[in-house]
Amino acid sequence: MTKIITLTIDDQKVNVPEGTLIVNAAKMVGIDIPVFCYHPKMEPVGMCRQCLVEVGRPVIDRATGQPVIEDGQVKIQFGPKLETACTTVVSEGMVVLTRSEKARQAQKEILEFLLTSHPLDCPVCDKGGECPLQNLTMAFGPSQSRFLYDDKHHAEKHVPLGDKIWLDRERCIQCGRCIRFQEKIAGDPVLAFYQRGRATDIITNSDPPFDSIFSGNTTDICPVGALTTADFRFGARPWEMKAAASICPLCPVGCNIVFNTRREAKSGGKVVIKRVMPRQNEQVNEIWICDRGRFNWHYVEDPTRLAHPLVKKDGKLELASWQEALEATRKHIAGAQIVVVASGRLSNEDLFNLKQLADGLSGQALLYDSLPGGELTTRYGVAAGTNLGDLGAGSAILVAAADLYYEAPIWYLRVKAAAERGANLVIIHPQATRLDKYAKKLIRCEREEVAAKVQELAAELTAAENLIIFFGRTADRRLAETCASLLQGRESKPNNGLIGVWQRANDQGAWELGYKPAADLAKIVEGKVVYLAAADPAGDDPQWAEALKTAKALIVQELFLTETAKLADVVFPAQAFSERDGSYTSGERRVQRFYPATPPLGEARPDFAIAAAVASAAGLEVEGRSALRVMDKIAVSIPAFAGISYGKLAEVTEQWPIVGRGDLYYGGTTYENRQGLGVHLNKHWNIET
Ligand code: SF4
Ligand code: SF4
Ligand code: FES
């Protein structure tokens, strides 16, 4: 058991585990020691000296080995020099003074020193309003500088570090956080210091420059405005923006994010998204997101999005009212066989209602473009309580036919970290991947052979106390079946299970809700009413466009006039995930809630409401009044979702490290999670296909 150390910080008694740094112990009891180079996710380096504090320790009697008592108190000896709170570990009986005159004076002097070469562009700097240097200067800094303005370091403003990140060299305080993040956390050591002294610069040493899918995170942890994103810089000031919690919809990890929005004149008075920021969830994305999640949100504001229903008249799609579109749909589906084809881009609520529609009309509900054998994750998917952050020595992780770096970037970060903690990482993949260098065993083979290779490793893998298996795309379901067979008997054991590296955010939700794989569309659609939601087979493969022409009718729910929508008889405009609420089930079987950030476009409606309206037109009763009510229906209909409600999904518990709370210098500009950590599905289906 970890030993607990008792110490005193600014007159407060603190009990913390042995090995805790003073800076963290203080943070735990609400005392903020100013830091720049320290970041709670990285090893301390003690470079900036901003965190200087007075440290006293009990005087020990050499003869007895016991503390010396004086006037009934343990005698404390303070060192002649201040110590850096970010590199000093707590010890029993320690007394720390973070706000004494001596400590305050040192903190002030360090700030004065940092400002000697800082351009003071706060009024035009993107970091203004959420800048630790600005905030700490106001809180601890001097009101005047003794250094000469003309002696400041001047450099050309704003140079690109890559196509996504810009560097302002004058603003850099050389804390090294960006370099250390890239090296230690991302495993992409593409930044470095160049030159020395005042001339020290941050440079990128990769080709292409700043070659990392995690580059945006450096702008969150840079404690000044030296690193900014090409996407957001000069876009808005932090205090002008609102924050809405959401879930990234671009891969199965389910990173927790925040949309920053504002109403602005240059966008015609509309509320628009200005940027995407990470939101802390230590069991999912910690405090990071990848660049895809951070920058690829613009499609939701694309002016070509569908804003009104369309109905085919005389062979041409024409604008129609909702009533006309629903009536046309009713006529098409009356007495016909229906097949619903939906993708994992949709929320749990959308997929549930679409399946209700299919079931109500005695049709089929199929999951578009899914991994063969994906439905096995409803039985062997990870158990409740699983946290990739807990894996280390004694655990085995198999990554088979998946490239986590590109397909699910935050899983790459978490698996890499688990391997560094001692987990036995085995990778089987046809090509080299960025995760390879952390693997204990690496097997190259053709995709068709991956399942056979997994079987050969069965004894080694099943000997581990915990076993997590990621599987990706191969030609058939043999891989999923082989991986599942290794997990038998571990179905309800936390930190064990099968994870599909799906293409979309909510394929897992679709499987859990009972969707079947849409194996060969061409064979299924002929003569039927095909109801497509968030799926564009005609755009993905021209052969499917031909197959869709054999359908009796085509009804489409979409964001855009896709190639499939162009062939449709009726097209319903769907709201983007940023305009509505709903939930996704991540590949780790965690159900997480997203919230509306901007008003809906035109007459677009949420997919679950469109499905409910169509069902109603067809004489069925499907809940469509709100996503919350649909989730209540899911919870009573689907055993795996039992007990889940929007209230439960919104619950939060305290997380470490503490981020937010009004100070930004400790964890950076990642948002504190106040809107929900999500809930793991706690049961497995026993689906046979
Ligand atoms: S660019 Fe920012 S994070 Fe990097 S060393 Fe400079 S101040 Fe630190
Ligand atoms: S890892 Fe996946 S879920 Fe997370 S930000 Fe990137 S694309 Fe989005
Ligand atoms: S030396 Fe402690 S924060 Fe930099």
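Using this note's numbering, you'd call the opening residue of the sequence shown number 2 and step up by one each time.
All residues carry an ideal CB built from backbone N, CA and C; glycine is no exception.
Contact set for residue i: own chain, Cβ-Cβ below 6 Å, skip 5 residues either direction
| i | result |
| --- | --- |
| V254 | A409, I411 and W412 |
| T21 | V91 |
| A187 | S213 and F215 |
| V531 | V340, A552 and L555 |
| C252 | A409 |
| Y596 | A245, A246 and D582 |
| T690 | Bear in mind that the predicted position of T690 carries a pLDDT of just 39, short of 50, making it unreliable; the figure below should be weighed with that in mind. These residues qualify, in order along the chain: E376. |
| L8 | V15, V91 and M95 |
Same chain, Cβ closer than 7 Å to residue i, neighbours up to 5 away in sequence not counted
| i | result |
| --- | --- |
| M48 | C38, C176 and G177 |
| I688 | With a pLDDT of 46 at I688, under the threshold of 50, the predicted position of this residue should be treated as unreliable, though the coordinate-derived value follows. So the qualifying residues of the chain are E376, T379 and R380. |
| A326 | P310, V312, V571 and F573 |
| D633 | S646 |
| A476 | R448 and E449 |
N- and C-terminal bounds of the beta strand (DSSP E) containing residue i
| i | result |
| --- | --- |
| T7 | I5 to I10 |
| T586 | G583 to T586 |
| N425 | N425 to I429 |
| G501 | G498 to G501 |
| Q106 | Q106 -> not in any beta strand (DSSP E); alpha helix (DSSP H) instead, spanning E102 to L116. |
| E527 | Premise fails: E527 is in no beta strand (DSSP E) and is neither H nor E. |
| Q13 | Q13 to P18 |
| E547 | No beta strand (DSSP E) contains E547, which is instead part of the alpha helix (DSSP H) from P543 to L549. |
| A193 | L192 to Y195 |
| E319 | K317 to L320 |
| L98 | V96 to L98 |
Limits of the alpha helix (DSSP H) - the one that residue i falls within
| i | result |
| --- | --- |
| E559 | Counting along the chain, E559 falls outside any alpha helix (DSSP H), though it belongs to the beta strand (DSSP E) covering A554 to E559. |
| D202 | First-last for D202: D202 to T205, but that is the beta strand (DSSP E), not the alpha helix (DSSP H). |
| A595 | Residue 595 is actually Phe in this sequence, not Ala. Where F595 is concerned, there is no enclosing alpha helix (DSSP H), although the beta strand (DSSP E) it sits in stretches over R591 to F595. |
| R276 | Here R276 belongs to no alpha helix (DSSP H); instead the beta strand (DSSP E) covers K271 to P279. |
| Q135 | P133 to F141 |
| V30 | Unbroken run through V30: none, as it is neither H nor E. |
| G57 | Run containing G57: none in the alpha helix (DSSP H); it sits in the beta strand (DSSP E), L53 to P59. |
| Q509 | D508 to E513 |
| A566 | E564 to L568 |
| I180 | R178 to R181 |
| I222 | G217 to I222 |
| L405 | L405 to E408 |
| R491 | Counting along the chain, R491 falls outside any alpha helix (DSSP H), and DSSP gives it neither H nor E. |
Contact under 9 Å by Cβ, residue i with residue j
| i | j | result |
| --- | --- | --- |
| A485 | L499 | yes |
| G473 | L372 | yes |
| A335 | A619 | yes |
| A552 | S579 | no |
| V272 | R263 | yes |
| Q281 | T671 | yes |
| L83 | E55 | yes |
| R225 | L134 | Sequence inspection shows Val at residue 225; the Arg mentioned does not correspond to that position. Yes. Within cutoff. |
| N25 | P41 | yes |
| R591 | G679 | yes |
| A536 | S344 | yes |
| L358 | V615 | yes |
| I32 | F353 | no |
| D208 | R170 | no |
Integer Cβ distance of residue i from residue j, believed to fall under 8 Å
| i | j | result |
| --- | --- | --- |
| K28 | Y667 | 6 Å |
| E113 | P68 | 38 Å between Cβ atoms; not a contact. |
| A86 | I23 | 4 Å |
| A575 | I611 | 7 Å |
| L436 | K417 | 6 Å |
| A402 | R448 | 6 Å |
| G1 | K332 | Here the chain has residues from 2 to 690 only, and residue 1 is not among them. |
| R662 | E673 | 7 Å |
| A384 | K494 | 6 Å |
| R105 | F141 | 7 Å |
Proximal residues to residue i (C-beta, below 8 Å), its chain only, five neighbours per side dropped
| i | result |
| --- | --- |
| T219 | I166, R178, C179, F182, Q183, L192 and L228 |
| G677 | A246, Q593, R594, L650, A651, E652 and V653 |
| T138 | L112 and L116 |
| Y439 | G188, V416, K417, A420, E421 and L426 |
| M2 | none |
| V17 | I5, I6, L8, N25, A26, M29 and V91 |
| E622 | A616 |
Closer than 9 Å to chain C by CB, residue i
| i | result |
| --- | --- |
| P600 | Absent from the structure is chain C; it holds one protein chain and no more. |
Next on the checklist: Runs of 4 residues minimum, wholly inside the stretch 604-666: which ones carry the alpha helix (DSSP H) assignment?
Outcome noted: Assignment of alpha helix (DSSP H) within the stretch 604-666, counting only whole runs of 4 or more residues, yields 608-618, 628-638 and 647-650 in chain order.
Next on the checklist: Threshold first: 4 residues or longer. Then list the alpha helix (DSSP H) segments lying entirely within the stretch 420-485, N to C.
Outcome noted: 451-457 and 459-463
Next on the checklist: Suppose only complete runs of 4+ residues qualify. What are the alpha helix (DSSP H) ranges in the stretch 230-315, listed by chain order?
Outcome noted: Correct list: 292-296.
Item to check | Residue ranges of each beta strand (DSSP E) within the stretch 329-375, 3 or longer | outcome: 339-343 and 365-368
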